[in-house]
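Enquirer:
Protein chains: 2
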Amino acid sequence: MPKIPPVKGTRDFYPAEMAIRNWIAQGWREVSQRNGFVEYDGPIFEYLQLYTQKSGDEIVSQLFSIPDRAARDGRDLAIRPEITPTLARMVNQQINALPRPIKWFSIPRLCRAERPQRGRLREFFQWNIDIIGSDSVLADAESIFTAIDYLRSLGLKASDVVARISSRSMLAELLMALGFAREDLDKIYVLLDKRPKMTESEFSKYAAEQISDADLLDKMMRLEAVQSLDELEPMLQSDAARKGYADLCELFKTLKALGVGDYCEFDIKIVRGLAYYTGPVFEIFDRGKSLRALCGGGRYDNLLSSMGGPQVPATGFGMGDVVLELLLAEKGLLRSEASHLDFFVINADTELDDKMLMAVSRLRSQGYATAFSYKKTGVGKQFKQAAAQNARHTIVMGRETIESNQITLKNMADGSQKELSLDKFLENPEEIPNS
Amino acid sequence: MPKIPPVKGTRDFYPAEMAIRNWIAQGWREVSQRNGFVEYDGPIFEYLQLYTQKSGDEIVSQLFSIPDRAARDGRDLAIRPEITPTLARMVNQQINALPRPIKWFSIPRLCRAERPQRGRLREFFQWNIDIIGSDSVLADAESIFTAIDYLRSLGLKASDVVARISSRSMLAELLMALGFAREDLDKIYVLLDKRPKMTESEFSKYAAEQISDADLLDKMMRLEAVQSLDELEPMLQSDAARKGYADLCELFKTLKALGVGDYCEFDIKIVRGLAYYTGPVFEIFDRGKSLRALCGGGRYDNLLSSMGGPQVPATGFGMGDVVLELLLAEKGLLRSEASHLDFFVINADTELDDKMLMAVSRLRSQGYATAFSYKKTGVGKQFKQAAAQNARHTIVMGRETIESNQITLKNMADGSQKELSLDKFLENPEEIPNS
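Residue numbers (the working numbering), protein chains in the order written: chain Y, 5 to 439; chain R, 5 to 439.
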């Protein structure tokens, strides 16, 4: 029978890769918890409609859908491409029972049917944190802070990564003040979103194709070239624009007070595509700009109500594991969860089988990672096996163990050994010498 | 817009349910590690063919399949209903690079399109451990021991759960010695597998329908009624039967030496359906028999070679989370991962915003789970919020914090409080009194 390969764009997590994945997830979990978030999760699949009704167009085009045979109720399913629709569904279901603000995090496995390429796979893990029930800028700041807090904890400095921050609502007001119609805004968002991937001349050409009015085009190009919040101030012509601007200034002030101001910059081109964002939005990039965004998020005050729930404000972000791992590898900051064996029990006498198994069992029940050889081979081969499994200590049980209850304990790091009473050792393995 | 419900047979893990799921997974992980297993994982979907070629018929009929549009290479995909085919694929891919025995564990999310019922859902988590590259009975014993080691660590006693153990290879030899043809064996396996779910008279009727030869039927019924290994001894008529019997006796002896003999019983009716098992097989049940099997596994020496790899022996098991959780709830043994907040910082003075944020940030960067209120409300309301979030301590920052750098630290458990210097506290929060 021919071997069947894995599906392209998926990953096999052999123990070495799994140890890295667990280390990343554990870091996400710890930083979430210290920032006051609690963990949730939903199913890996939902009704297809949950995604087609509200996710961005790009995401909908990448759904892995499952025909309804299995659901047996006439509705297609889809593997989750993001967890926010599930979050909105879950929160809407219990909105009156949940004390606010709801501060939740999750580390979902997500699947998108896209062409695999550097930094993009068809299956990945994404850290999500969300704060639901607060319209305060403090919540937006806490969301961005939590993302930076994690990256900073890995050793990434403000010279390595940057959070580019803007406001969708402020941008909308600015564009309308320039003369754009509300129905043209989506087109401009797409334009700005694509800006960083284009050269200046490519962008000029593309923008001219999208905006036929020369005056409007010129105004948009000047807005796109804005580098700082100060430059924007004279352009504020409505209360809504001034409110969005003031919130953004407050956001930067709060991030500075939280000690991460140097990781944050204003960038008017950050719009987060066509998804459900309504207020402050941000993306985190490597300063070297060799990679896609590490993280993206923002405020989405209308999502819950658009999915049949009440009007409840919300803000949050998602950070995938694929780009993150590329960056950490590049910077030499990739680590993995340590795994080790405390004891390898070597059987030097076939009469000892039962005694050896008893010792193994006693050590394990006290929490020590313990192994032994299934094969009755020589002591030398068993030592090799212990070394191959990175055992910290070996215990040799031989003739003396039968005669006088003695074992030989060896520290595999420094080679030192000691004769011990088996019974006393099993009663208190923590007090072993050289450990 | 109408609310879209979750798909039947899936679970929403709100924080309380997630804490239980994490506690179960953490227990699986710890017991795996102390028994010398290392973690791996594969993708959530594979080519459909990986499952249709080797899994049991029941599993194939329950596949969630995904049409090939997304894969774009003419082959359908399926969400994994079990992880063993992925394991076999991964091991076959690197068989020459992996030192044996390969002792791996995984905690995959699995999906099966079946009718949801008590103990069976369409999405669940399953602890898998496998030992590949050893044909020793010690490996089978280690597999069964690991399952029991976990259950025992939860507080389940030999009076609560039992591992029922038999041997597929020995049973085959016994049946053929009675006169059954090799091609009839699958029929008998199904018969025996269904036995525990039927009354005696239902079973007699069903068996008579399946076995037309009265003499063979009578022999099968006498075999099925066998209660102990001793009763079987006179029935061993081939070397292969005697080998299977001797291995089974050795298996029980080893489990006894490992200290879990009282959890183990021989049961000739254990065959594990029509899946890929070739030697010792087992299932673990609650003694009360109110639930489905908690765990099932056995030896599968031909799977790797049947999937295009070399002939390598293997043994292992799977334990799902659904039945386990039902049993633990029934016995009052269900726990959850503790989550708490170390500090809730209360802002009693609006002039303090920046100072409060700095304190929050400093505490978090030292690893303390810390929260504050987004709303500028009264101190009393903030205390209530701290209590609702199970904060261990509150820190009140007020007028004194501005005047003389003083904060009030309150232990929320006993209500005691203390005035402290903010700077000193932030330098060493671990030395806080009453913590």
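Think of the CB as a built atom: it goes at the ideal place given N, C-alpha and C, for glycine as much as any other residue.
Excluding five sequence neighbours on each side, which residues of the same chain lie with their C-beta closer than 7 Å to the C-beta of residue 372 of chain Y?
Expert: Cβ-Cβ distances below 7 Å link residue 372 of chain Y to 346, 347, 433 in the same chain, with the five nearest sequence neighbours on each side left out; the list follows chain order.
Enquirer: Do residue 116 of chain Y and residue 63 of chain Y have their C-beta atoms closer together than 9 Å?
Expert: Taking 9 Å as the Cβ cut-off, residue 116 of chain Y and residue 63 of chain Y qualify as a contacting pair.
Enquirer: Cβ of residue 9 of chain Y less than 9 Å from any chain R Cβ?
Expert: yes
Enquirer: Output, in chain order, the set of chain R residues within a Cβ distance shorter than 9 Å of residue 250 of chain Y.
Expert: Correct list: empty, because the minimum Cβ distance to chain R is about 15 Å.
Enquirer: Please list, in chain order, the residues of the stretch 286-301 of chain Y that have any C-beta partner in chain R closer than 9 Å.
Expert: none
Enquirer: Are there 16 or more other CB atoms within 10 angstroms of the CB of residue 119 of chain Y, so buried, or fewer, so exposed?
Expert: Within 10 angstroms of the beta-carbon of residue 119 of chain Y lie fewer than 16 other beta-carbons, which makes it exposed.
Enquirer: Quick one: does residue 337 of chain R have its CB under 9 Å from some CB of chain Y?
Expert: no
Enquirer: Count the other CB atoms, across all protein chains shown, that sit within 10 Å of the CB of residue 100 of chain R; report buried if there are 16 or more and exposed otherwise.
Expert: By the 10 Å Cβ count, residue 100 of chain R comes out exposed.
Enquirer: Mind checking the stretch 355-378 of chain R against chain Y and listing, in chain order, the residues whose C-beta falls within less than 9 Å of any C-beta there?
Expert: 357, 358, 359, 360, 361, 362, 364, 365, 366, 367, 368, 369, 370, 371, 372, 373, 374, 375, 376, 377, 378
Enquirer: Out of R:253, R:219, R:89, point me to the one whose CA is closest to residue 234 of chain R's CA.
Expert: The shortest Cα separation from residue 234 of chain R among R:253, R:219, R:89 belongs to R:253.
Enquirer: Identify the continuous beta strand (DSSP E) that holds residue 286 of chain Y and give its terminal residues.
Expert: 284-290
Enquirer: Quick one: residues in its chain with C-beta nearer than 7 Å to the C-beta of residue 196 of chain Y, no 5 flanking neighbours on either side, listed in chain order?
Expert: 228, 273, 275
Enquirer: Under 7 Å Cβ to Cβ from residue 180 of chain Y, same chain only, skipping five residues before and after it: list those, please.
Expert: 186
Enquirer: Comparing alpha-carbon positions, which option in Y:382, Y:384, Y:354, Y:396 lies nearest residue 374 of chain Y?
Expert: When C-alpha distances from residue 374 of chain Y are compared across Y:382, Y:384, Y:354, Y:396, the shortest belongs to Y:396.
Enquirer: How is the alpha helix (DSSP H) around residue 215 of chain R delimited, first residue to last?
Expert: Where residue 215 of chain R is concerned, there is no enclosing alpha helix (DSSP H), given that its DSSP letter is neither H nor E.
Enquirer: Leaving aside the five residues before and after residue 191 of chain Y along the sequence, list all residues of the same chain whose C-beta is less than 7 Å from its C-beta, in chain order.
Expert: 214
Enquirer: Does residue 385 of chain R pass the burial test, meaning 16 or more other C-beta atoms within 10 Å, or should it be called exposed?
Expert: Residue 385 of chain R counts as exposed, since fewer than 16 other C-beta atoms from the protein chains shown sit within 10 angstroms of its C-beta.
Enquirer: Bridge partners for residue 121 of chain R per DSSP, in chain order?
Expert: R:124
Enquirer: Between residue 345 of chain R and chain Y, is any beta-carbon pair separated by less than 9 Å?
Expert: yes
Enquirer: Going straight from the alpha carbon of residue 247 of chain R to that of residue 236 of chain R, what length do you get?
Expert: 13 Å
Enquirer: Residue 38 of chain Y: which of Y:270, Y:381, Y:160, Y:133 sits nearest, CA to CA?
Expert: Y:133
Enquirer: Looking at C-beta atoms only, is the number of pairs between the stretch 320-340 of chain R and the stretch 220-227 of chain Y that lie closer than 8 Å three or more?
Expert: no
Enquirer: Please state whether the Cβ-Cβ distance between residue 298 of chain R and residue 155 of chain R is less than 9 Å.
Expert: yes
Enquirer: What's the call for residue 160 of chain R, buried or exposed, on a 16-neighbour Cβ count within 10 Å?
Expert: buried
Enquirer: Expressed to the nearest angstrom, what Euclidean distance is found between the alpha-carbon atoms of residue 438 of chain R and residue 379 of chain R?
Expert: Note that residue 438 of chain R has pLDDT 44, beneath the 50 cutoff, so the model's placement of it is unreliable and the number below is only indicative. Looking at the two C-alpha atoms, the distance is approximately 28 Å.
Enquirer: Let me know the beta strand (DSSP E) ranges lying completely inside the stretch 297-361 of chain R, each 3 residues or longer, listed in chain order.
Expert: 299-303, 318-324, 345-351
Enquirer: Three-state secondary structure (DSSP) at residue 166 of chain Y?
Expert: strand
Enquirer: Quick check on DSSP: helix, strand or coil for residue 401 of chain Y?
Expert: DSSP places residue 401 of chain Y in strand when its eight states are reduced to three.
Enquirer: Using a Cβ-Cβ cut-off of less than 7 Å, give me the residues of the stretch 35-53 of chain R that come near chain Y, in sequence order.
Expert: From the stretch 35-53 of chain R, only 37, 38, 39, 40, 42, 43, 44, 45, 46, 47, 48, 49, 50, 51, 53 have a Cβ closer than 7 Å to chain Y.
Enquirer: For residue 56 of chain Y, which residues does DSSP report across the bridge?
Expert: Per DSSP, none; premise fails for residue 56 of chain Y.
Enquirer: Going straight from the alpha carbon of residue 429 of chain Y to that of residue 94 of chain R, what length do you get?
Expert: 39 Å
Enquirer: Nearest to residue 42 of chain Y by alpha carbon, out of Y:81, Y:78, Y:131, Y:54?
Expert: If we check each option's Cα against that of residue 42 of chain Y, Y:131 comes out closest.
Enquirer: Give every residue of the same chain whose Cβ lies closer than 8 Å to the Cβ of residue 232 of chain R, excluding the five residues on either side of it in the sequence, and list them in chain order.
Expert: 270
Enquirer: Taking 9 Å as the threshold (beta carbon to beta carbon), is residue 97 of chain R in contact with chain C?
Expert: Checking the listed chains, one finds no chain C in this structure; the protein chains it contains are Y and R.
Enquirer: In this structure, how does DSSP classify residue 256 of chain Y when only helix, strand and coil are distinguished?
Expert: In the structure shown, residue 256 of chain Y sits in a helix (DSSP, three-state: H, G or I).
Enquirer: In the DSSP assignment, find the unbroken beta strand (DSSP E) run with residue 2 of chain Y in it and report its ends.
Expert: The structure shown does not extend to residue 2 of chain Y, since chain Y is modelled only from 5 to 439, so the question has no answer here.
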